[in-house]
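Residue numbers (this note's numbering), protein chains in the order written: chain C, -18 to 266; chain A, -18 to 266. Glycine residues also receive a C-beta, built at the ideal position from the N, C-alpha and C atoms. Working notes, beginning with the structure itself.
Number of protein chains: 2
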Amino acid sequence: MNRRFKLTLHYDGGAFFGWQVQPGARTVQGELEAALSRLAARPVGVLGAGRTDRGVHATGQVASALMPGKWSAAEVRRALNAILPGDLWVAAAESVPLEFHARYDAQAREYEYRVGTAAESRSPFLRPYCWALGGRGAGSGGEGGLELDGGLLSAGAALLEGRHSFRAFAKAGQPGRGEECTVDLAWWEAWEAGPLFRIRANRFLHHMVRYLVGTLVEVARGRRPLEDVAGLLAGEPGLETSAPAPAEGLFLTRVYYPDTTTRRHDDATTGRLGTPANLDDDNVA
Amino acid sequence: MNRRFKLTLHYDGGAFFGWQVQPGARTVQGELEAALSRLAARPVGVLGAGRTDRGVHATGQVASALMPGKWSAAEVRRALNAILPGDLWVAAAESVPLEFHARYDAQAREYEYRVGTAAESRSPFLRPYCWALGGRGAGSGGEGGLELDGGLLSAGAALLEGRHSFRAFAKAGQPGRGEECTVDLAWWEAWEAGPLFRIRANRFLHHMVRYLVGTLVEVARGRRPLEDVAGLLAGEPGLETSAPAPAEGLFLTRVYYPDTTTRRHDDATTGRLGTPANLDDDNVA
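This is how it looks when you write it as C-alpha cells:
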C-alpha cells in the first residue's frame, strides 16, 4: 500500500538553481527527491505547486509525493528534516488522498516580494532576502534610504486586481497558452526595511511577480507614469515593462487548495477539482 | 595627515572564524583589514570593540582604523561596502579623534541572544540565527514548539543585574584578571520564534552570554532550580553552569562610548576616558 503526502516547504533559494530537477544542478526538487528516495529505499518523484526560479525563496511551497504506506506523516517530516540540507525544511507533512496533485489541485498561489528602501536592507541579514535599493546615498552615517511614493505603489497594485491578460508581464518566449490570470488580492504592506508586495492569483506567468514589482517600483520612483500599468494590462502596443526585480526578494508564501482535496478519506469520492487549468508552463516564478 | 574612523559593522558570523585575525582562517578583522589596506594602498590595522567568536553575529560591532587623511567618512563607507564580501557590511562610518580606541574607550557592550522555541525556528531563514529548540516534537503538522517558563527566565535575568563575579560563567582556562562585571540591564523579550535575551554590561568574559543563556534555559525547562543561578554568581563550590548555548544565536548589537571620545575636535583636549579596564582577554564572546 502506498500513501500520498502533502509537504509544506521552506527554502532559502540562494544556493539552489530553482525548484525543478536539472542534470548537474542543485535544485529543491532534486534534493527532496533524493531524500525521499533514500527514506523509501526506492525512487520517489515529487510534484511541486509552482516551479520557483533560481534564487527565489519559499515559506509555503507545497509538494506531493507517494511513499510506502508504512510511513506516517509525522515520521516522514521528522526523517526528512533529519537528512535534508539546512536550506530546505519541511514545515508540515500531511497524509492526503492518493489522487491529490500539488499543482493541478491548487486553486491559488500567494507570493510576497520584499523591496529594501532603508539603508539597512544592505545588511548581510536582509540583503539576501530583498531587492536592496537603499543605502546607495552619499551619507556617512548609514543614511541613504530611498523614497518610494507609497500612494503610487498602492494605486498600481489596485489596478492589478481582477481578471486581466498579464502577457506584457511575462518572460518573452513563453509559449502562449493563455495569459489570463485572476488576481484576487494585490497590495503593499511594510516589512522591516521597506515595502512588501503581496499578491494572490489563480495562476502566475513566468517572472510575472518580478516584472510587476520592477514596473511598480519605477512608477513609485517617478520614472514612469502610473498610466503605464493600465496600458501594459490593456496590451497597448509599444509599451514595455521595466526590468524585472531580482529573484532574491521573491517568496512563494502560500498555496491554496479546496478542503476536499486534502482531507483524508477512504471512499475515494472526491476527485481532482475542476480541469487542470495550470498547464506545464505556468506557475514558474 | 591621517584620520581615525569609527566603523559600525554588521556581519553574519556563519562563514567567519570569528573576529580576530588568524593565519589561514577567514575572519572579520582579516577581511576588513584587507579591504582597508587595499583602499589606503598601505597596510591598515583594525581594532574591534569586542572579539566575537566563531559563528557569532553582529549588528553593532565597532572598529577603529587609521586611514590617509584624504578619505572622508562617507567615502570610506561607500568604498568599503563596494569591495567587502556580502556577509560583512559597514552600517556607518564616522571621523573621530585620532586617540579614539574602539576597545578601551567602550563603556558598555550589548548582546542579544535568540532562542527559538517555535517549530519555525528550524526554518532556513531563522535557524542560522538562533538556538533552534522547537520543532523536535512528534507532531506531523509542523507543531512541536517547546515551552519555556517565562517567569523563570525573567527571574533568572533579574538576578544578573548589578556587579557580580561571573567567573562561573566564563570559559575554563581563561586568565584570571578579575571576573567582576557590572550588568546594567538584562531581560527577556520576544522575537518572532521565541524568547530573546538582551544584556548590557561594562565587560563580558569569554563565552559569558552563552553560558548564561544555556543555564537560564535549563532553569526555564525545569531541569535545574532557579537557585542555581544565584549559587553560581555567589561562587558556590561544586556548582557548574549548563552547557553554553550555541554561537549562532548570539549577536553583538551595540557598543557604547562617551560622547566626548567620538566627537570630532581639533584641540585634542579630550583623551581616552578612564583607565583601560578592558584588558586583552576580556570581551571575547
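Tell me which residues share the same chain as G50 (chain A) and place their Cβ nearer than 7 Å to its Cβ, disregarding the 5 neighbours each side in the sequence.
Counting only Cβ-Cβ distances below 7 Å, and skipping sequence neighbours, we find M(-18), N(-17) and R(-16).
Within the 8 Å Cβ cut-off, does R(-15) (chain A) reach chain C?
no
Using a Cβ-Cβ distance under 8 Å, would A72 (chain C) count as near chain A?
yes
Does the beta-carbon distance from G138 (chain A) to A174 (chain A) come in below 8 Å?
The amino acid at residue 138 (chain A) is misidentified as Gly; the sequence shows Ala. In this structure, A174 (chain A) does not lie closer than 8 Å to A138 (chain A) by Cβ.
Using a Cβ-Cβ cutoff of less than 6 Å, which residues in the same chain neighbour W172 (chain C) once the five nearest sequence positions on both sides are dropped?
R95
Tell me, please, which residues DSSP counts as bridged to V96 (chain A).
A:W112
Ordered along the chain, which non-local residues of its own chain (more than five positions away) have a Cβ less than 7 Å from that of R144 (chain A)?
The beta carbon of R144 (chain A) sits closer than 7 Å to the beta carbons of E161 and T163 from its chain, once the five residues preceding and following it are set aside; these are given in chain order.
Do A83 (chain C) and Y237 (chain C) have their C-beta atoms within less than 8 Å of each other?
Not a contact, by the Cβ cut-off of 8 Å.
Tell me whether L79 (chain A) is buried or exposed, calling it buried when 16 or more other Cβ atoms sit within 10 Å of its Cβ.
exposed
Any beta carbon of chain C sitting closer than 8 Å to that of P105 (chain A)?
yes
Selected residue, minimal CA-CA separation from F106 (chain A), among A:G(-5), A:A182, A:R179 and A:K152
A:G(-5)
Does any C-beta atom of chain C lie closer than 8 Å to the C-beta of D(-7) (chain A)?
yes
Out of C:L140, C:T33, C:A15 and C:E56, which one is the CA nearest neighbour of V25 (chain C)?
C:A15
Taking the C-alpha atoms as reference points, what is the distance between F(-3) (chain C) and D240 (chain A)?
47 Å
Identify the residues that DSSP records as bridge partners of S146 (chain C): which are they?
C:E161
If you compare alpha carbons, which of A:P66, A:L47 and A:A72 is closest to R58 (chain A)?
Restricting attention to A:P66, A:L47 and A:A72, the CA atom closest to the CA of R58 (chain A) is found in A:A72.
Hey, could you find the ends of the beta strand (DSSP E) S18 (chain C) is sitting in?
Looking at the DSSP string, S18 (chain C) is not in any beta strand (DSSP E); the run it does join, the alpha helix (DSSP H), is V9 to A21.
Leaving out the 5 sequence neighbours to the left and right, which residues in its chain are closer than 6 Å to V27 (chain A) when beta-carbon positions are compared?
Counting only Cβ-Cβ distances below 6 Å, and skipping sequence neighbours, we find Q10, L13, E14, A44 and A46.
For G(-1) (chain C), is the classification buried or exposed, using 16 other Cβ atoms within 10 angstroms of its Cβ as the cut-off for buried?
buried
Check this for me: beta carbons of A215 (chain A) and H188 (chain A), under 8 Å apart or not?
no
Taking R108 (chain A) as the query, report the chain C residues whose CB atoms sit under 8 Å from its CB, ordered along the chain.
G67 and W70
Would you list, in chain order, the members of the region 169 to 197 of chain A that have their beta-carbon closer than 9 Å to a beta-carbon of chain C?
none
Could you work out which residues of chain A lie near E12 (chain C), taking near to mean beta carbons separated by less than 8 Å?
Taking a Cβ-Cβ cut-off of 8 Å, E12 (chain C) has no neighbours in chain A, whose nearest Cβ is about 12 Å from it.
Please state the DSSP three-state secondary structure of G123 (chain A).
Note that G123 (chain A) scores a pLDDT of 47, beneath 50, so its modelled location is shaky and nothing firm can be said.
Would G123 (chain C) pass as an interface residue toward chain A - the criterion being a Cβ-Cβ separation below 8 Å?
Interpretation of G123 (chain C) is limited by its pLDDT of 48, a score under 50 that renders its predicted location unreliable; the figure taken from the coordinates is listed afterwards. Judged by the 8 Å Cβ criterion, G123 (chain C) is in contact with chain A.
Three-state class that DSSP yields for V194 (chain A) in the structure shown
helix
Using a Cβ-Cβ cut-off of less than 9 Å, list which residues of the region 82 to 96 of chain C approach chain A; keep chain order.
none
For F178 (chain A), which beta-bridge partners are listed by DSSP?
A:Y94 and A:W169
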